[in-house]
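Residue numbers (full-length UniProt numbering), protein chains in the order written: chain S, 1 to 320; chain F, 1 to 433. Positions of the beta carbon are idealized from the N, C-alpha and C atoms, including for glycine. Written below as structure tokens is the structure these notes are about.
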């Protein structure tokens, strides 16, 4: 079957990017800052979705890829005095290298075993951060100095601590990853990934090397998550081991489930939804996690495929 | 004709009738709704303090008592006329004891609640995670954390710790007493994370300066739930076991240490952080009888408590055993929470010195706080006198060493401020505001 016209999905995605750009000029200060953070973390969720949504591999260890980027970029600035672009590249490379190694090892398993193996590797990564506390700051973490968080362009420079610059940097990263994800999932390679998710044995019989394809997906996923971590360190100025803890492996799973697995915009919607529900309810009660839990149960009951997944199923079948 | 540019009341022909008319008009203007709003905005709108509280997460027990102490201090300050004649209002946001959320909360105070300052954080990783957000928003950030991170000058010019001493100072101040009274050969047992590392790094040089030594350091992973296998690592010649285990495992730790040693044990010295919000008479803690603890402020009422200390305890609502009045099982975090009370009075003093009017004066508030040097013991500083080093944004004060005796903690020694002083590691005042 031939694909539907690409015009609609691309128009939608460019529209979302344009909307986020326009919001920068109208949002009140607090929501402006919060949305910058949400966009960076939505990239983390998009990286997770690449593997979970499109390949069907449920990892419980993606915090290690996020923190590989976080520490790769943060420590390059703190200890080596690297510039922002070099540190960002270092963070991404750390994530790519780590995901390649973890992929080679963890893809020897599947299903529940894959979940457990990725979780164990992430726990090892977390403990390694604590073990090398003199370099990483251990559980307390470290501050990326404000004067170092400047992006130089010849004589001019952009201060990443400036709210507008930060928002636009987050938007640039988000837009790039969104369009790359869209291109990947609409490509032949993306179709192969979905085929693996639906029936790996049949895909093998059709002559595809499923291991290589899955490994490439792990690396793409890990690299995107690392880009998010590197951006977080440079834009928000803190690296800490809590980002490597199991909580940060579960959060992207929740964001993706909420927004809609295997939808390109779902991770953003899920992250946005979770952030605001925590932000609003925590202002009223310290039992806000209970409310979050109830909201999640209701969503599972009425939107079992996540928000966008259900919309796609019921109304907009062309959503990528 | 020469026209005077000055206004001479005697030459205006002002009659009593016109004067009264003028006064009436002035009074009418003053009670007009618009004028009232304007006037209040200038003089009596509340000063807003954003309280970054650990309501949930690992710090919740501390957070609850920090809130109680803060509420008591704010009531006392407001009853006495507020700050610069303005009432003080506290806005609380839960940071979940999480550094990521902590930074968001600081942003929320700065841009949504538009508070004058942010205050009250305890856990070190939340302070370090939130500090960049405070610095970027140019928001004065007064923490009550006891971590060395502020004094290390690794944070930024907007972060202060004026109401509680830092752990480096506390450890250093303990060394003379340990060497003179407990023993010269010390084995340290500490959790294998940052809180433990402060003790690991700062105690050996401090003891060495007193002619004592650390003969073994045993780091216990935070995930550990049984400790017996570590005890054979304690050298036989150990005279003092210095322990700083924290978290729920502390009860097991003490129980197993007791089973290991029986009645013939070395001296024990610990930091009360292990047992904050925990009843010292809990089953399993009997082994601690006769041992010594560091306390920032004593949990139990002492016979020589000052009037200020008594008034502070009454205001916060803790009984003679350091538990909530009316609920003996609700044990407070007395060794730390006094820092909230004292910090708020430092904020009051600095705002008054700066003539603080609103967020546009935040830089002045930073400079006024840096200019402070001493806090006398009294109603505002019931824990004791303190000095303040404006270059490293850290206060220094006395420490208490208490002995567990008859199921209570009895203060047996108070250190001097000088015992906890050290060379500054940097200077925040060189950073731009």
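Using DSSP with H/G/I as helix, E/B as strand and the rest coil, what is residue 294 (chain F)? For the purposes of this step, residue 294 (chain F) is taken as residue 294 along the second chain, with counting starting at 1. DSSP places residue 294 (chain F) in the strand class (E or B) of the three-state scheme.
- Is there at least one Cβ from chain S nearer than 8 Å to residue 373 (chain F)'s Cβ? Here residue 373 (chain F) is taken as the residue at index 373 of the second chain, counted from 1. At a cut-off of 8 Å between beta-carbon atoms, residue 373 (chain F) makes no contact with chain S.
Query raised in the report: In or out: residue 333 (chain F) buried (at least 16 other Cβ within 10 Å) or exposed?
Result: Taking the first residue of the second chain as position 1, residue 333 (chain F) is located at position 333. Buried, because 16 or more other Cβ atoms sit within 10 Å of the Cβ of residue 333 (chain F).
Per-residue contacts from residue 146 (chain S) into chain F (C-beta, under 8 Å): In the first chain, counting from the first residue as 1, residue 146 (chain S) sits at position 146. At a C-beta separation below 8 Å, residue 146 (chain S) has these neighbours in chain F: 132, 135, 136, 156.
- Message: Cutting at 6 Å between CB atoms, please list the residues of its own chain near residue 304 (chain S), excluding the five before and the five after it.
- Response: Numbered from 1 along the first chain, position 304 holds the residue referred to as residue 304 (chain S). Contacts found: none.
- prompt: Under 8 Å, do residue 52 (chain F) and residue 120 (chain F) count as touching if we go by C-beta distance?
  reply: Residue numbering aside, residue 52 (chain F) sits at position 52 when the second chain is read from its first letter. Residue numbering aside, residue 120 (chain F) sits at position 120 when the second chain is read from its first letter. Taking the C-beta atoms as reference points, residue 120 (chain F) is found nearer than 8 Å to residue 52 (chain F).
| query | What did DSSP end up calling residue 300 (chain S) once you bin it into helix, strand or coil? | reply | Counted from its first residue, the first chain places residue 300 (chain S) at position 300. Of the three classes helix, strand and coil, the one that applies to residue 300 (chain S) here is helix, per DSSP.
Per-residue contacts from residue 164 (chain S) into chain F (C-beta, under 7 Å) = Looking up residue 164 (chain S) in the first chain gives position 164. What residue 164 (chain S) touches in chain F: nothing, since even the nearest Cβ is about 13 Å away.
*How long is the line joining the alpha carbons of residue 58 (chain S) and residue 159 (chain S), rounded to whole angstroms?*
Looking up residue 58 (chain S) in the first chain gives position 58. Looking up residue 159 (chain S) in the first chain gives position 159. Annotation: residue 58 (chain S) to residue 159 (chain S) spans about 38 Å, alpha carbon to alpha carbon.
Excluding the five sequence neighbours on either side, which residues of its own chain have a C-beta within less than 8 Å of the C-beta of residue 176 (chain F), listed in chain order?
Here residue 176 (chain F) refers to the residue found at position 176 of the second chain. Contacts found: 210, 415, 419.
- Spell out whether any CB of chain S is found under 8 Å from the CB atom of residue 28 (chain F). The residue labelled residue 28 (chain F) in the question sits at position 28 within the second chain. Confidence at residue 28 (chain F) is low in this model, with a pLDDT of 49, below 50, so the placement of that residue is unreliable and no value is reported for it.
Of the residues S:60, S:316, S:166, S:109, the one placed nearest residue 233 (chain S), counting alpha carbons only = Counted from its first residue, the first chain places residue 233 (chain S) at position 233. Comparing Cα-Cα distances from residue 233 (chain S) to each of S:60, S:316, S:166, S:109, the minimum goes to S:166.
TODO: List the residues of chain F that residue 37 (chain S) touches, going by C-beta distances under 9 Å, in chain order.
DONE: Stepping through the first chain from its first residue, residue 37 (chain S) is reached at position 37. Think of a sphere of 9 Å around the beta carbon of residue 37 (chain S): the chain F residues whose beta carbon falls inside it are 100, 103, 104, 107, in chain order.
**Q.** Cβ-based burial, residue 366 (chain F) [other Cβ within 10 Å; buried from 16]
**A.** Start at 1 with the first residue of the second chain, and residue 366 (chain F) comes out as number 366. Around the Cβ of residue 366 (chain F), a 10 Å sphere holds 16 or more other Cβ atoms; the residue is buried.
Problem set entry | 6 Å CB neighbourhood of residue 151 (chain F) in its chain, flanking five on each side removed | As a working mapping, residue 151 (chain F) is identified with position 151 in the second chain. Excluding residues within five positions, the ones whose Cβ falls inside 6 Å are 166, 392, 394.
Neighbour list for residue 336 (chain F) in chain S, Cβ cutoff strictly below 7 Å:
Start at 1 with the first residue of the second chain, and residue 336 (chain F) comes out as number 336. Annotation: residue 336 (chain F) has no Cβ neighbours in chain S at a cutoff of 7 Å; minimum Cβ distance is about 17 Å.
Contact check, residue 275 (chain S) vs residue 34 (chain S), beta carbons under 8 Å:
Counted from its first residue, the first chain places residue 275 (chain S) at position 275. Counted from its first residue, the first chain places residue 34 (chain S) at position 34. Using a Cβ distance threshold of 8 Å, residue 275 (chain S) and residue 34 (chain S) count as a contacting pair.
query: Does the beta-carbon distance from residue 65 (chain S) to residue 261 (chain S) come in below 8 Å?
result: Reading the first chain from its first residue, position 65 is the one you call residue 65 (chain S). Reading the first chain from its first residue, position 261 is the one you call residue 261 (chain S). No, the pair does not count as a contact, with Cβ atoms beyond the cut-off.
* Asked: If the cut is a Cβ gap below 8 Å, which residues of chain S does residue 57 (chain F) touch?
  -> Translated into the one-based positions of the second chain, residue 57 (chain F) becomes position 57. Going along chain S, no residue has its Cβ under 8 Å from residue 57 (chain F), so there is no contact; the nearest lies around 10 Å.
Completely contained alpha helix (DSSP H) runs for the region 299–365 of chain F, where each covers 4 or more residues: Listed in chain order, the alpha helix (DSSP H) runs fully inside the region 299–365 of chain F are 307–316, 334–354, counting runs of at least 4 residues.
| field | alpha helix (DSSP H) runs contained entirely in the region 250–285 of chain F, provided each spans 4 or more residues | value | Whole alpha helix (DSSP H) segments, 4+ residues: 250–261.
(message) Starting from residue 111 (chain S), trace the beta strand (DSSP E) in both directions and tell me its first and last residue.
(response) One-based indexing of the first chain puts residue 111 (chain S) at position 111. From DSSP, residue 111 (chain S) is part of no beta strand (DSSP E); its letter is neither H nor E.
(Q) Please list, in chain order, the chain S residues whose beta carbon lies closer than 8 Å to that of residue 197 (chain F). (A) By one-based count along the second chain, residue 197 (chain F) stands at place 197. Listed along chain S, the residues sitting closer than 8 Å to residue 197 (chain F) by beta-carbon distance are 133, 138.
Test: residue 161 (chain S) CB closer than 8 Å to a CB of chain F:
As a working note, residue 161 (chain S) is residue 161 in the first chain. Closer than 8 Å: yes.
Report task. Pull up the DSSP beta-bridge partners for residue 158 (chain S), would you. Result -> For this step, residue 158 (chain S) is matched to residue 158 along the first chain. DSSP output for residue 158 (chain S) lists S:151 as bridge partner(s).
- Message: Using only the alpha-carbon positions, how far apart do residue 212 (chain F) and residue 424 (chain F) sit?
- Response: Reading the second chain from its first residue, position 212 is the one you call residue 212 (chain F). Reading the second chain from its first residue, position 424 is the one you call residue 424 (chain F). For residue 212 (chain F) and residue 424 (chain F), the distance between alpha carbons rounds to 25 Å.
Q | Neighbouring residues, chain S, relative to residue 194 (chain F) (Cβ below 7 Å) | A | For the purposes of this step, residue 194 (chain F) is identified with residue 194 of the second chain, where counting begins at 1. Residues of chain S passing the Cβ test: 133, 138, 139, 140.
Check your understanding: Using 8 Å as the threshold, is the region 208–226 of chain S in touch with the region 147–154 of chain S, meaning 3 or more CB pairs across them?
Key -> Short answer: they don't touch.
Under 8 Å between C-beta atoms of residue 192 (chain F) and residue 168 (chain F) = As a first step, residue 192 (chain F) must be located in the second chain, where it is residue number 192. As a first step, residue 168 (chain F) must be located in the second chain, where it is residue number 168. No, the pair does not count as a contact, with Cβ atoms beyond the cut-off.
ask   = Smallest Cα separation from residue 178 (chain F): which of F:429, F:256, F:413?
value = The count along the second chain starts at 1 and reaches residue 178 (chain F) at position 178. Checking every option, the nearest Cα to that of residue 178 (chain F) belongs to F:413.
- Query: Apart from the five residues on each side of it in sequence, which residues of its chain come closer than 7 Å, Cβ to Cβ, to residue 41 (chain F)?
  - Reply: What you label residue 41 (chain F) is simply residue 41 of the second chain in a count that begins at 1. Per-residue confidence for residue 41 (chain F) stands at a pLDDT of 47, beneath the threshold of 50, marking its modelled position as unreliable; the derived number appears in the next sentence. The answer is none, since no qualifying residue turns up.
### Task
Check the DSSP bridge columns for residue 191 (chain F) and list the partner residues they point to.
Stepping through the second chain from its first residue, residue 191 (chain F) is reached at position 191. DSSP output for residue 191 (chain F) lists F:220 as bridge partner(s).
| Best match in S:15, S:310, S:271, S:278 for proximity to residue 95 (chain F) [C-alpha to C-alpha] | Position 95 of the second chain, counted from the first residue, corresponds to residue 95 (chain F). It is S:278.
Any chain F beta carbon closer than 8 Å to residue 243 (chain S):
Taking the first chain and counting its residues from 1, one reaches residue 243 (chain S) at position 243. Residue contact check for residue 243 (chain S) against chain F: a CB pair falls below 8 Å.
Exercise. Have a look at the DSSP bridge pairing and note the partners of residue 225 (chain S).
Key: In the first chain, the residue the question calls residue 225 (chain S) occupies position 225. Bridge partners of residue 225 (chain S): none, in fact.
Applying the 10 Å Cβ sphere with the 16-neighbour rule, what's the burial state of residue 148 (chain F)? To locate residue 148 (chain F), count along the second chain from 1; it is residue 148. Its Cβ being crowded by 16 or more others within 10 Å, residue 148 (chain F) is buried.
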